[in-house]
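Let me begin by presenting the structure, written as structure tokens, before commenting on it.
In the working numbering, the protein residues as written are 51 to 261.
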């Protein structure tokens, strides 16, 4: 991802020690990819399994979320940098929301969290949106949460897919300059968690996720 200063940032999952447990790394380039900073281990724990990192940028602030396999279920972890990736907060579970997802198969890959940031539509507030696949209802559905304090706390805004009888997975989210939230995902049609023939689902919010 690139910020307004043409600085490039990258996050990825990496099993460089070949122990079968991926970790999340970060690097930045300040010269349009001619060179990169040294890899920084965001997850900071080689004994666990971390995958599907996602990065969002707002001026000098960077936000990263990823999923961690803990006690036979997926958890979402979050870290923030306020200085373009020079230093980072200690990674911690995303606060104030409950993530229910223990799917880890060849077709369902857990929450696959995505972030989007909006600091343009309201000059006084930075809105961070988090979209993930959740199984609390018995079917995999798209859930949305929002933070207005740079990720210190989050508010669960509920389910966005309006497809309660079928599986929904592979979330993606974007926010436009007017603060409208756009969500897309693989929308199942067969009523089973192994549905191999999804459509493309889409929904939007014009009121910062309230509806």
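Just so it is clear, CB atoms sit at the ideal spot from N, CA and C, and this is done for glycine as well.
Going by DSSP, what residues sit across from residue i in a beta bridge?
i	result
residue 117	101 and 126
residue 107	112
residue 177	168
residue 157	None, per the DSSP bridge assignment.
Apart from the five residues on each side of it in sequence, which residues of its chain come closer than 7 Å, Cβ to Cβ, to residue i?
i	result
residue 192	181, 183, 209, 210, 211, 218, 221, 233 and 235
residue 110	132, 133 and 134
residue 80	57
residue 149	124, 125, 126, 161, 182 and 184
residue 201	113, 128, 130 and 178
In its own chain, which residues sit with a C-beta less than 8 Å from the C-beta of residue i, not counting the 5 before and 5 after it?
i	result
residue 137	131
residue 203	145, 146 and 197
Within its chain, find whatever has a CB closer than 6 Å to the CB of residue i; leave out the 5 residues flanking it on each side and keep chain order.
i	result
residue 53	107
residue 213	237
residue 187	none
residue 170	227
residue 87	77 and 78
residue 225	166, 168 and 231
In or out: residue i buried (at least 16 other Cβ within 10 Å) or exposed?
i	result
residue 121	exposed
residue 254	exposed
residue 68	exposed
residue 142	exposed
residue 140	exposed
Is residue i close to the ligand GTP? I mean its beta-carbon at under 7 Å from any heavy atom of the ligand.
i	result
residue 157	Among the components of this structure there are no ligands whatsoever, and the ligand GTP is therefore not found.
Inside the stretch 185-216 only - beta strand (DSSP E) runs reaching at least 3 residues: Counting only runs of 3+ residues, the beta strand (DSSP E) found wholly inside the stretch 185-216 occupies 191-197 and 205-209, in chain order.
Stretch pair the stretch 155-171 + the stretch 85-98: three plus CB contacts closer than 8 Å: Touching, no.
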